[in-house]
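S.K.:
Protein chains: 6
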Amino acid sequence: MRPDGRASDELRSIQIQPDFIIHPEGSVLISVGKTKVICNASIEDRVPPFLRGHKKGWVTAEYAMLPRATPERNMRESTKGKVTGRTMEIQRLIGRSLRSVVDLEAMGERTLWIDCDVIQADGGTRTASITGAFVASVLAFKHALKKKQINRMPIGSYLAATSVGIHPIYGPLLDLCYKEDSTTNVDMNIVMNGRDEFIEIQGTGEEATFSEEDLARLLSLAKKGIHELIEAEKSILGDLVIEQKVGTNK
Amino acid sequence: MRPDGRASDELRSIQIQPDFIIHPEGSVLISVGKTKVICNASIEDRVPPFLRGHKKGWVTAEYAMLPRATPERNMRESTKGKVTGRTMEIQRLIGRSLRSVVDLEAMGERTLWIDCDVIQADGGTRTASITGAFVASVLAFKHALKKKQINRMPIGSYLAATSVGIHPIYGPLLDLCYKEDSTTNVDMNIVMNGRDEFIEIQGTGEEATFSEEDLARLLSLAKKGIHELIEAEKSILGDLVIEQKVGTNK
Amino acid sequence: MRPDGRASDELRSIQIQPDFIIHPEGSVLISVGKTKVICNASIEDRVPPFLRGHKKGWVTAEYAMLPRATPERNMRESTKGKVTGRTMEIQRLIGRSLRSVVDLEAMGERTLWIDCDVIQADGGTRTASITGAFVASVLAFKHALKKKQINRMPIGSYLAATSVGIHPIYGPLLDLCYKEDSTTNVDMNIVMNGRDEFIEIQGTGEEATFSEEDLARLLSLAKKGIHELIEAEKSILGDLVIEQKVGTNK
Amino acid sequence: MRPDGRASDELRSIQIQPDFIIHPEGSVLISVGKTKVICNASIEDRVPPFLRGHKKGWVTAEYAMLPRATPERNMRESTKGKVTGRTMEIQRLIGRSLRSVVDLEAMGERTLWIDCDVIQADGGTRTASITGAFVASVLAFKHALKKKQINRMPIGSYLAATSVGIHPIYGPLLDLCYKEDSTTNVDMNIVMNGRDEFIEIQGTGEEATFSEEDLARLLSLAKKGIHELIEAEKSILGDLVIEQKVGTNK
Amino acid sequence: MRPDGRASDELRSIQIQPDFIIHPEGSVLISVGKTKVICNASIEDRVPPFLRGHKKGWVTAEYAMLPRATPERNMRESTKGKVTGRTMEIQRLIGRSLRSVVDLEAMGERTLWIDCDVIQADGGTRTASITGAFVASVLAFKHALKKKQINRMPIGSYLAATSVGIHPIYGPLLDLCYKEDSTTNVDMNIVMNGRDEFIEIQGTGEEATFSEEDLARLLSLAKKGIHELIEAEKSILGDLVIEQKVGTNK
Amino acid sequence: MRPDGRASDELRSIQIQPDFIIHPEGSVLISVGKTKVICNASIEDRVPPFLRGHKKGWVTAEYAMLPRATPERNMRESTKGKVTGRTMEIQRLIGRSLRSVVDLEAMGERTLWIDCDVIQADGGTRTASITGAFVASVLAFKHALKKKQINRMPIGSYLAATSVGIHPIYGPLLDLCYKEDSTTNVDMNIVMNGRDEFIEIQGTGEEATFSEEDLARLLSLAKKGIHELIEAEKSILGDLVIEQKVGTNK
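Set out below in structure tokens:
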């Protein structure tokens, strides 16, 4: 029995509150159990210098935690004067994941800025950020469609992420909360699209290892969770996103 | 007539939601009109090196804005690698204001960390932060009382802050929203305690000036607003705070 | 009786030595008692990017202390790799104060750089910096007039600053030296122009408070001191500055 | 046919030159095709503060490239004043991978510093670094055994890493060189130990996706490559490492 | 004929004003022609960690220029967030030069901090800094003798520095002003003690070269200048310094 | 007898391995005894902003050490977030030295980047860097000639550097290894060109001094060493460099 009574293949309760902040083009507050992340998507009418004149857009992400998102207060990265390795790794992951479903050419020479700010953390902040960022991005592009900045939705698939892991006693688990995450040997973050394709697999067994059979069981759990997350996204986004291979994807 | 239909001596709608985040000892979401600030207060069982062994505590504050708290996206200070002058000025102001009502000796050798994170900005973020930080601090000390870390509430007065300014046409106004703030000549932030005493007066007339009469009118408006803010605080805090000169105050 | 024998409404001895350094367009050494600040004003033939093409100039200030301006040696900010909050607050104050009397349009697309370097500190370095910076700025514009870069003095008023405070025994005092400043409860910096108008009031009662009556007495002391400071400025600047509302002031 | 004539399941030529630099406790130059990395392992007789008194050691890694390891010169990170996200991600990966085979308790309160400096890059620098760092670490512990700092080899398994990817025309490939890496859709780095267990799987399909079947084929290729890399390690290390579950591994 | 009418072996006018700033233990304003440097020497009752318990002191120097010490305004190093290579080179030179005449053991476990702040520059700022820093240091130790912190003057020789160079037309010159320095091919800074011994020779012929004969002529000019500088020092310091090999010198 | 059995005027064994790294335009590994430096020279088709449009090139150098180039591990400068004073001093010296033999106009608007990375240190790393950088630079220009980017070799002289010092017992020594360097009183780095002219003399006697006779003996030793180093360069470079005064040299 898991600490919060869930079955091993059960997601935590998901809430996605759209239009959470008034200023961004797209904004959601996503709650996955006690983990809460404000995901804002901004559209800027220019691209970084290396892309100017290429008639395509760019997608980039930033991630941060409030100092008391966690049980112990963490020093702000602005006070430290630098961004930690963990933060950079997460924001690179969010950016790559989103770019896998965005048709950069259909965006025009614009940048989609994604800001994921964790206000309360209980494990799985990076996967909640990806799921929330996806919804915020669709809402931002919906706003751009309405303003006729673009003429079609430049997103070609649903996208969601979750974590899975192997507990020393209970075995493979879906959607780890912090307490589970800290006692679990193997930890894996999975990002998938709406066509059951993998975007990212990041599995690490620090001070532990895993076999091919373990891997198969974990991927199966993740797939189940991602199906449910995508259903939650669809209940908000309706038919804004239609599955199709987008132009810039190889 | 002000943009949002208020009278010149009318505050915006105030909401203070206690226990907003689960981890901090004290946490509120304060909304002043459309300005929304998460104020978390953390109690740490040690003091900075310069105070060790002095049998007294310390109060310090940090302030930040989410990148899309504002209509245009702002670069994160962690990405810039440094904290701006504006941020430092504000966090010094919040810290000084709180220290004016806290009995540092009654805290013991502990640090009260205040984190004010603006998630949505519409003018008056520094004064909303002070008001919210006050409530969060009382809640944090209430938590420390319950855990018997301290044996009496180390706060000796209510505390609240608001802004006032002089509009070129309508004259003196209370509680400026962003649109008013940007068209107003003189801008003043006032911090007062529950005994009608001033803690801070910061009045600046960039590209404008003000007379002694102007000053008197502005202070009178501010006093009215602060009375109402303190009523809002009392509706949440009940009788947790009793007005009295605290030990370390000169 | 104050430590140096002054009356409560008496300024320290003021000396303003013009043309102190040969390279800047305007340069003074200002001494206010034992506080000594080199104030240099430089005119640069361009403006920051955000003002380009707006046909107006910019005024910005920097402030620093030599490591041994103080009784204990302070680490250089260049060695620390960053500017402290106190320094930023002071340089923002100096810049805002000067901008209140400068007609930015009359400057043309130029930047007035003000550098205040405290070589010896005994309290009141920020107010001495403002007073010295004002004189250096007028001298710099005089130089620009002579070189026909501009065709009229773009300064529309005299400007000076002083500090006032409330001593626990002697009550309100004008122009605090360091020893007084460190034992005084309430500390206020006042900037005024030559027409008895306020530019800035920054009053703070860290670990203390003040009433409206206190405030009135402090402002009256400050006004007296600023009148005398402006007389000292006039003895150097003669009729270079004529009181008038300048164009860019609201 | 691959650019360098290899079969799809063929590693590039591997050379591991032990004792490359005279000062470190363990030092190798590893060449994987044209990719060359100096891997130095240093043993320091203390641990970071958070581990003091815990009677266990620590393993940490740093990674850098010479500016001309690449066809275009890259700016040094010391000149930039900060370490990039890519570098942090790689050094975290190297550190985690090594910790999976080291018995931290058997090390005593010591730190194993791993320095991977790429002097020539042609793809696969992070996986070559892990393989080289493993050999350097075993050599460093051999040195510590000889000096009687420790009394048994604190490494419980072989460890090696390689990359695999899916080419749009030729399909799954083992050990990508730079030219292949830049034209391949899906890129995966795999770290395994000497018992066919996974330590890390990092698969990313930026602007592409992959199916479960793709994944199975890639893992099979990786396993073949890692077997061969471990053979190369064994030819240098002889019987220094004996496969066994080590103490601190969960 | 040199720009300022000097003979080729003639120093500029030297003035050394002792007790320039009131707070430091030793303080001078040195003027060498139009070059003016405030040299402050501070004695701190502790040494850096690497020297603790070694019963000897330390001497370290910092150097900076005011932004308008030069004809064009220079950005502050605190604003840049880092100290330039030129500054570091100069402060290392000043520190090494002073250490060559100080008996570190006779200082006790104390640090002599030397701060050289150029307020007006016209060439030769680093050599003026060394000469001024020497006088400030002797005054600081005189102060420590008076306070009985030390029981003898820990300085064993006079010390002074000057620059020499080769002008394309006029040949070798002593004590280059800025205009000469910028048109001279070979530039050499020489530091000598009161016994005609060299402490430092730093000769550089950027975009030029020099022969052994050139070198001999330059050293001879430098020696003449340094004799005169030491006479100027003696007129201030009287018999405070007695020539003798000091203990810690090899 | 010196630690390694050399005569006092004997260089250590010199090896210069050309084309060490495949990517740079010029690349050598220079070994001077146990000191080993990778010297890469890169030609970039643009100049820094201050030189644009001047129809001449630029030469700049960077220097670093691997953390375990030394017996004790040194922290990386990228991890520290800044370049030390020692590094800056060395890279300025390398850059100046190279510029003394390069005809900047003959380069066209190009930058020659020199990267000296010490992989193993045993004294004399800066002089080995200069000698190695010279060879790498000639090779880089040879490559540019072959690609017809330039039409003649823009280097007008050979260039080499060595160190000399005075040992307390054995007197003047040529080419100090680390053990000698740390026990020697006076340390001097000499850079000369192929016409027996000095480029740089940097002599320092920290905690020691030297006389004119000492200087003469040291320069004579250095000259002998540099003749031999230039012979080693010639054996690699053949007749690529012809001695002649180059255009931009004064």
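Protein chains in written order, with the UniProt record's numbering: chain A, 1 to 250; chain B, 1 to 250; chain C, 1 to 250; chain D, 1 to 250; chain E, 1 to 250; chain F, 1 to 250.
Every residue gets a Cβ at the ideal spot worked out from N, C-alpha and C, and that includes glycine.
Note that this is a predicted model, so its numbers are computed, not measured.
Quick check on the DSSP output: the beta strand (DSSP E) that includes Q91(F) runs from which residue to which?
M.R.: That residue, Q91(F), is in no beta strand (DSSP E); its alpha helix (DSSP H) goes 85-99.
S.K.: Taking all protein chains shown into account, decide if Y170(E) is buried (16 or more other Cβ within 10 angstroms of its Cβ) or exposed.
M.R.: exposed
S.K.: Grouping DSSP H, G and I as helix and E and B as strand, with all else coil, what is A161(F)?
M.R.: Secondary structure at A161(F): strand, using DSSP grouped into helix, strand and coil.
S.K.: Tell me, which residues are paired with S27(B) by DSSP?
M.R.: N40(B)
S.K.: Determine, for M88(D), whether the minimum Cβ-Cβ distance to residues of chain A falls below 9 Å.
M.R.: yes
S.K.: Which residues in chain B sit within 9 Å of R73(A), going by Cβ to Cβ distance?
M.R.: Listed along chain B, the residues sitting closer than 9 Å to R73(A) by beta-carbon distance are H23, P24, N40, S42, E44, W113, D115.
S.K.: Nearest to T35(A) by alpha carbon, out of E62(A), L11(A), G26(A)?
M.R.: Selected option, being the one with the closest Cα: L11(A).
S.K.: Could you round the C-beta distance between G156(B) and D103(B) to whole angstroms and report it? I think they count as a contact, below 8 Å.
M.R.: 6 Å
S.K.: I'd like to know whether the C-beta atoms of I43(D) and S27(D) end up nearer to each other than 9 Å.
M.R.: no
S.K.: Between the C-alpha atoms of K148(A) and K142(A), what's the straight-line distance to the nearest angstrom?
M.R.: If I take the Cα positions, the gap works out to 10 Å.
S.K.: When the cut-off is 9 Å and only beta carbons count, does residue 253(A) lie next to chain D?
M.R.: For residue 253(A) there is no data in the structure shown, the boundaries of chain A being 1 and 250.
S.K.: Among residues of its own chain, excluding the 5 on either side of S235(B), which ones have a beta-carbon nearer than 8 Å to its beta-carbon?
M.R.: So the list is empty, once near-sequence residues are dropped.
S.K.: Curious, which full-length alpha helix (DSSP H) runs of at least 4 residues does the segment 132-200 of chain B contain?
M.R.: 178-183
S.K.: Output needed in chain order: residues of the segment 49-74 of chain F with a Cβ under 8 Å from some Cβ in chain D.
M.R.: Among the residues of the segment 49-74 of chain F, those with a Cβ less than 8 Å away from any Cβ of chain D are E62, A64, L66, P67, R68, A69, T70, P71, R73, in the order of the chain.
S.K.: Quick one: what does DSSP say D19(D) is sitting in, helix, strand or coil?
M.R.: Coil, per DSSP.
S.K.: Can you check whether the CB of L145(D) is closer than 9 Å to the CB of V164(D)?
M.R.: no
S.K.: So which residues of chain F does V135(D) contact, with C-beta pairs closer than 8 Å?
M.R.: Those within 8 Å of V135(D) in chain F number zero; the least Cβ separation is about 15 Å.
S.K.: What number of angstroms, rounded off, separates the C-alpha of T87(E) from the C-alpha of V186(E)?
M.R.: 20 Å
S.K.: Determine, using beta carbons only, whether R152(C) and E109(C) come nearer to each other than 9 Å.
M.R.: no
S.K.: Run through chain A and tell me which residues come within less than 9 Å of V83(B), C-beta to C-beta.
M.R.: What V83(B) touches in chain A: R76, S78, T79, G81.
S.K.: According to DSSP, is L51(E) part of a helix, a strand, or is it coil?
M.R.: helix
S.K.: Does the contact criterion of 3 or more C-beta pairs under 8 Å hold for the segment 77-95 of chain B versus the segment 81-98 of chain C?
M.R.: yes
S.K.: By the 10 Å Cβ neighbour count, where 16 or more other Cβ atoms means buried, how is G95(F) classified, buried or exposed?
M.R.: Around the beta carbon of G95(F), a 10 Å sphere encloses 16 or more other beta carbons of the protein chains shown; the residue is thus reported as buried.
S.K.: Does S13(D) have its Cβ less than 9 Å from a Cβ in chain F?
M.R.: no
S.K.: Can you confirm whether A128(A), when its beta carbon is compared against all beta carbons of chain B, has any partner nearer than 9 Å?
M.R.: no
S.K.: Starting from the beta carbon of I119(B), find every residue of chain A whose beta carbon is closer than 9 Å, and list them in chain order.
M.R.: F20, I21, I38, D117, I119
S.K.: Using the Cβ count rule (16 or more neighbours within 10 Å means buried), how would you classify R52(D)?
M.R.: exposed
S.K.: What does A64(D) pair with, by DSSP beta-bridge criteria?
M.R.: D117(D)
S.K.: In the DSSP assignment, the alpha helix (DSSP H) including I226(D) goes from what residue to what residue?
M.R.: 212-237
S.K.: Run through chain C and tell me which residues come within less than 7 Å of K146(E), C-beta to C-beta.
M.R.: Going along chain C, no residue has its Cβ under 7 Å from K146(E), so there is no contact; the nearest lies around 17 Å.
S.K.: Indicate whether A160(E) and V191(E) have their beta-carbon atoms separated by less than 9 Å.
M.R.: Result yes, Cβ atoms of A160(E) and V191(E) sit closer than 9 Å.
S.K.: Please confirm if K34(E) has its CB atom under 9 Å from at least one CB of chain C.
M.R.: yes
S.K.: By the criterion of Cβ-Cβ separation under 8 Å, what are the contact partners of F141(A) in chain D?
M.R.: At a C-beta separation below 8 Å, F141(A) has no neighbours in chain D, since its nearest C-beta there lies roughly 18 Å away.
S.K.: Among the candidates D122(D), A232(D), R92(D), R76(D), whose CA atom is the shortest distance from the CA of D4(D)?
M.R.: D122(D)
S.K.: Applying the 10 Å Cβ sphere with the 16-neighbour rule, what's the burial state of residue 266(A)?
M.R.: There is no way to answer for residue 266(A), as the model of chain A reaches only from 1 to 250.
S.K.: Which same chain residues end up closer than 6 Å to L174(C) when comparing Cβ atoms and leaving out the 5 residues on each side of it in sequence?
M.R.: D9, V164, L221, G225
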